[in-house]
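Going by our numbering, the first residue of the sequence shown is number -16, and it counts up by one from there. Ideal Cβ placement from N, Cα and C applies to all residues, glycine included. Input: a single structure, listed below in structure tokens.
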Amino acid sequence: MLEPDKKYLSIREVSDRTGVPSYTLRYWEKEFVQIKPERHSGMRKYSPQDVDLIKKIKELLYTRRLTIEGVKKYLKVDRRKKKNVDLFDFAQNETELDSRTVLDIKKELEEVLEILEN
């Protein structure tokens, strides 16, 4: 990905390679804590891992049509598992979590109702 003698890319180089405008990269740095370019003489320097993450975020936002909040959740699940997460599995896990939460709330409400009736 990078030339052998380059460890880091400037924001312009990352923009050219990913097709993401530099102003969007700056915004994503604020939204996604996982993007952490180093600073050298006040200039942002992106690692190969940063560039890969930016490409992944771009795919999730523009190709898979996830919202920014959806991408944040995806990256949070991805980081916990320490591996790539299939989007179908991700959506399925979110549904299962929601179902469990609803069942837990229902159970608690039934217990409260039982207490109130007695």
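Excluding the five sequence neighbours on either side, which residues of its own chain have a C-beta within less than 8 Å of the C-beta of residue i, listed in chain order?
i  : result
G2 : K41
Could you spell out the range, first to last residue, of the alpha helix (DSSP H) harbouring residue i?
i     : result
R(-5) : I(-6) to T1
K13   : S5 to E14
K28   : Segment M26 to K28 is the beta strand (DSSP E) holding K28; no alpha helix (DSSP H) there.
Given residue i, which residues of its chain have a CB within under 7 Å of its CB, disregarding the five upstream and five downstream residues?
i     : result
S(-2) : P4, S5 and L8
I18   : W11, E12, D33, L36 and I37
Going by other Cβ atoms of all chains shown within 10 Å of its Cβ, with 16 needed for buried, is residue i buried or exposed?
i   : result
I88 : exposed
I37 : buried
I98 : exposed
P31 : exposed
D33 : buried
V95 : exposed
L80 : Interpretation of L80 is limited by its pLDDT of 49, a score under 50 that renders its predicted location unreliable; the figure taken from the coordinates is listed afterwards. So L80 counts as exposed.
Going along the chain, which residues of its own chain have a beta-carbon closer than 6 Å to the beta-carbon of residue i, five neighbours each way excluded?
i   : result
E91 : none
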